[in-house]
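Novice: Numbering of the sequence shown is given in the numbering used here, commencing with residue 2 and proceeding in unit increments.
Every residue, glycine too, gets a C-beta built ideally from N, C-alpha and C.
Note that the coordinates shown come from a computational prediction; the quantities given were computed from them, not determined experimentally.
Questions regarding the structure given below will be posed in turn.
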Amino acid sequence: MKSARQIIRLTALTLAIMVSTGVQSQTILSLQECRDMALKNNRESAIAQEKVTAAGYDRKAARSNYFPKVSITGGYLHNGDNISLLSPDLQNGISNIGTAVGNIVSGIQTDPQFMALLYNSPTLQYLASKLMTSDLSGKLNNLGTSIADRFTFDISNLYVGAISVEEPIYVGGKIRAYNKVTAYAEELAATQLEGEDRKIMVATDEAYWQVVSVADKLKLADQYVDLLKKLDSDVEKMKNEGVATESDLLSVKVKLNEAEMTQLKAQNGLVLAKMLLCQLCGLDLHSDIQLADERNTSIDVPKERLEFTQEDIEENRPELKSLRLATQMYGQKVNIVRSDYLPSIALMGNYILTNPNIKHGFEKEFAGTWNVGVIARIPVFHFGEGVNKIRKAKSEALISQYQLEDIRQKIMLQATQYEQKLAEADSRLQMARKNLDNAEENLRMANIGFQEGMLESSVVMQAQTAWLKAHSEETDARIDRIMADVYLRQATGLWNK
């Protein structure tokens, strides 16, 4: 007995040290406050919320496909050769035209007929002398070279810039289908967030009522220890008076020792249960918290039964909402795959800027030009690729529909099962209350009989044990009834009804 009491004192000291390392002032929390903190702290909920945000961005990005796309392109190109509109032979001939003319004149001068004509004509003699003395060939060569150079363009450094505008006119319904898919995806993410939040709230409710249950059982353990201590004192007095035996006293002390060990386990269990609740709520594990229902003398049980229909479940159960949205998404994906094999039409417009200037003889300056047009793409034959891809998309949509029907039936069955469990919890609670009334009356009669010397201490201990068991079962029945209601609301989706 001394060792058990020393353990209890050591545990109390340990708890005091643990509390001193955490929050110093005690915090009283309601069930709703615990739910709110758990939702705020939970990482899965935060991830689901970010998925909703990301899906919203996808929807906005999809909507932008209705509007023109504008792009700016720029480039630089260094070329090893220039462009010439003349062949090498023609370019060489034009550049040496003076030499060719000189050769012709020299040939004419050796002609006898020309010499006779020249001898009889002073004018021709004068022109011939001028032609021979002037550098006409060189001048003609320079002129020819200048003309040939005019047909050669310097493109060693080419700069190009363009502004392009593209507006889809018809793409087989892909843009409209994609917008629907992203809208469904955003709604799906929000539905999954709702389902995740409800899972968190159920887990919080379980931890919350577990703390309340253990706290109530600790109160029972304290009362039980007090009862046994009083009985121990009474039996010891009776032994001193010779009315009770040493065996009677030892039996009471053994029972008291067992009760103190149970009390210790309840204390440790309460600490661990509160740690779990603190972890869910994002609080320090050693926070000194007390729950609102923990302070009540009796655990309140909801009196009203949840009424629901199959339509209520269809409308409010997040899992069914998610599967319906997924089915609709797969239906739109069929349209997206089909659009890849339908004609597409787009309006194009460009403004192109170049240096050298292509409009003015490739001058070293920037100049631009524009163009507009329509681009059409008509798929003709793909060896069955399109047909098979469309069939696959339809199969995936059909699979999603089958999954929806399967989950719908399972959820309806689950709701029915939890409704039956709720009815069972009501029955168990009524029976536990009757047993508790009987146990309290039995304990009262046993105490009276013991005080009057008509009953032995063992009978009183049996009555006390029965009273403790009945109280514990009644507490469990209350918690089970509360959680059965929670599970039924989760199964039906009627969380706030």
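Quick one: residues in its chain with C-beta nearer than 6 Å to the C-beta of Met462, no 5 flanking neighbours on either side, listed in chain order?
Specialist: Excluding positions up to five away in sequence, the list reads Lys256.
Novice: Assuming Val253 and Asp233 are in contact, meaning their beta carbons sit under 8 Å apart, how far apart are those beta carbons, in whole angstroms?
Specialist: The Cβ separation is near 5 Å, so the contact holds.
Novice: Pull up the CB-CB distance for Tyr331 and Glu397, whole angstroms please, since I reckon it's below 8 Å.
Specialist: 5 Å between Cβ atoms; contact.
Novice: What are the partner residues of His79, as DSSP defines its beta bridges?
Specialist: Bridge partners of His79: Asn158.
Novice: Exposed or buried, what is Trp371 when buried is set at 16 or more other beta-carbons lying within 10 Å of its beta-carbon?
Specialist: Its Cβ having fewer than 16 others within 10 Å, Trp371 is exposed.
Novice: For the alpha helix (DSSP H) containing Thr370, list its first residue and its last residue.
Specialist: No alpha helix (DSSP H) contains Thr370, which is instead part of the beta strand (DSSP E) from 368-378.
Novice: Between the segment 188-200 and the segment 338-354, do at least 3 Cβ pairs fall closer than 8 Å?
Specialist: No, because fewer than three Cβ pairs between the segment 188-200 and the segment 338-354 fall closer than 8 Å, the two stretches do not touch.
Novice: Which same chain residues end up closer than 8 Å to Phe441 when comparing Cβ atoms and leaving out the 5 residues on each side of it in sequence?
Specialist: Looking at the sequence itself, residue 441 is Glu, so the reference to Phe does not match. Counting only Cβ-Cβ distances below 8 Å, and skipping sequence neighbours, we find Trp468, Ala471.
Novice: Classify Leu251: buried if its beta carbon has 16 or more other beta carbons within 10 angstroms, exposed otherwise.
Specialist: The residue in question, Leu251, is exposed, as its Cβ has fewer than 16 Cβ neighbours within 10 Å.
Novice: Where do the ends of the alpha helix (DSSP H) carrying Gln402 lie?
Specialist: First-last of the alpha helix (DSSP H) with Gln402: 386-452.
Novice: Can you tell me where the alpha helix (DSSP H) holding Tyr488 begins and where it ends?
Specialist: Where Tyr488 is concerned, the enclosing alpha helix (DSSP H) stretches over 458-493.
Novice: Give a yes or no on contact between the segment 159-174 and the segment 355-370, applying the rule of three or more CB pairs nearer than 8 Å.
Specialist: The answer is yes - the segment 355-370 touches the segment 159-174, with three or more Cβ pairs under 8 Å.
Novice: Using a 10 Å radius around the Cβ and a threshold of 16 neighbouring Cβ atoms, would you call Phe451 buried or exposed?
Specialist: Classification of Phe451: buried, given that the 10 Å Cβ count is 16 or more.
Novice: Can the beta-carbon of Val212 be found less than 7 Å from the beta-carbon of Leu278?
Specialist: Yes. Within cutoff.
Novice: Could you give the first and the last residue of the continuous beta strand (DSSP E) run that contains Thr205?
Specialist: Run containing Thr205: none in the beta strand (DSSP E); it sits in the alpha helix (DSSP H), 175-241.
Novice: Roughly how many whole angstroms lie between the Cα atoms of Ala368 and Ser323?
Specialist: Near 57 Å, if we compare the C-alpha coordinates of Ser323 and Ala368.
Novice: Taking the alpha-carbon positions, what's the Glu313 to Gln291 distance?
Specialist: Looking at the sequence shown, residue 313 is not Glu but Asp. Approximately 36 Å between the Cα atoms of the pair.
Novice: Quick check: the Cα distance between Ala204 and Gln268, rounded to an integer number of angstroms?
Specialist: So the alpha carbons of these two residues sit roughly 22 Å apart.
Novice: Return the CA-CA distance between Val487 and Trp496, expressed in angstroms with no decimal places.
Specialist: In a straight line, the C-alpha of Val487 is about 8 Å away from that of Trp496.
Novice: If you run the structure through DSSP and keep just helix, strand and coil, what is Tyr342?
Specialist: The answer is coil: DSSP assigns Tyr342 none of H, G, I, E or B.
Novice: Given a cut-off of 7 Å, decide if Ala377 and Ile346 are closer than it, judged by their beta-carbon atoms.
Specialist: Contact: yes.
Novice: Alpha carbon to alpha carbon, how far is Leu271 from Leu30? Give it in angstroms, no decimals.
Specialist: About 15 Å.
Novice: Between which two residues does the beta strand (DSSP E) holding Thr310 run?
Specialist: Counting along the chain, Thr310 falls outside any beta strand (DSSP E), and DSSP gives it neither H nor E.
Novice: Give the secondary structure of Ala56 by DSSP, where H, G and I count as helix, E and B as strand, and everything else as coil.
Specialist: Reduced to three states, the DSSP call for Ala56 is helix.
Novice: Ignoring anything shorter than 4 residues, give me the alpha helix (DSSP H) runs that lie fully in the segment 255-325, in order along the chain.
Specialist: Complete alpha helix (DSSP H) runs here, min 4: 311-317.
Novice: Less than 8 Å between C-beta atoms, sequence neighbours within five positions excluded: which residues of the same chain meet that for Leu286?
Specialist: Around Leu286: Gly23, Met276, Cys279, Gln280.
Novice: Between which two residues does the beta strand (DSSP E) holding Thr28 run?
Specialist: It spans 28-30 - the beta strand (DSSP E) in which Thr28 sits, taken as one unbroken run.
Novice: Report the three-state DSSP secondary structure of Ile337 (helix, strand or coil).
Specialist: The answer is helix: DSSP assigns Ile337 an H, G or I state.
Novice: Does the segment 177-187 touch the segment 56-76, meaning 3 or more C-beta pairs lie closer than 8 Å?
Specialist: At 8 Å Cβ cutoff, the stretches touch.
Novice: Could you tell me the alpha carbon to alpha carbon distance between Gly173 and Arg64, rounded to whole angstroms?
Specialist: Straight-line Cα distance between these residues: approximately 16 Å.
Novice: Please name the residue or residues paired with Val71 in a DSSP beta bridge.
Specialist: Note: Val71 sits in a beta bridge opposite Val166.
Novice: By the three-class DSSP mapping on this structure, what secondary structure does Ala499 have?
Specialist: Shown here, the chain extends from 2 to 498; a query on residue 499 therefore has no answer.
Novice: Consult DSSP for Ile48 and reduce its assignment to one of helix, strand or coil.
Specialist: Ile48: helix per DSSP, three-state reduction.
Novice: How close, in whole Å, do the beta carbons of Arg429 and Ala478 come, if the pair is a contact with beta carbons under 8 Å?
Specialist: 5 Å between Cβ atoms; contact.
Novice: Does the Cβ of Met276 lie closer than 6 Å to at least one heavy atom of the ligand SAH?
Specialist: Ligands are entirely absent from the displayed structure, and the ligand SAH is therefore not among its contents.
Novice: Kindly give me the distance between the Cβ atoms of Pro319 and Arg199, rounded to whole angstroms, as I take these residues to be in contact under 8 Å.
Specialist: Rounded, the Cβ-Cβ distance is 7 Å, consistent with contact.
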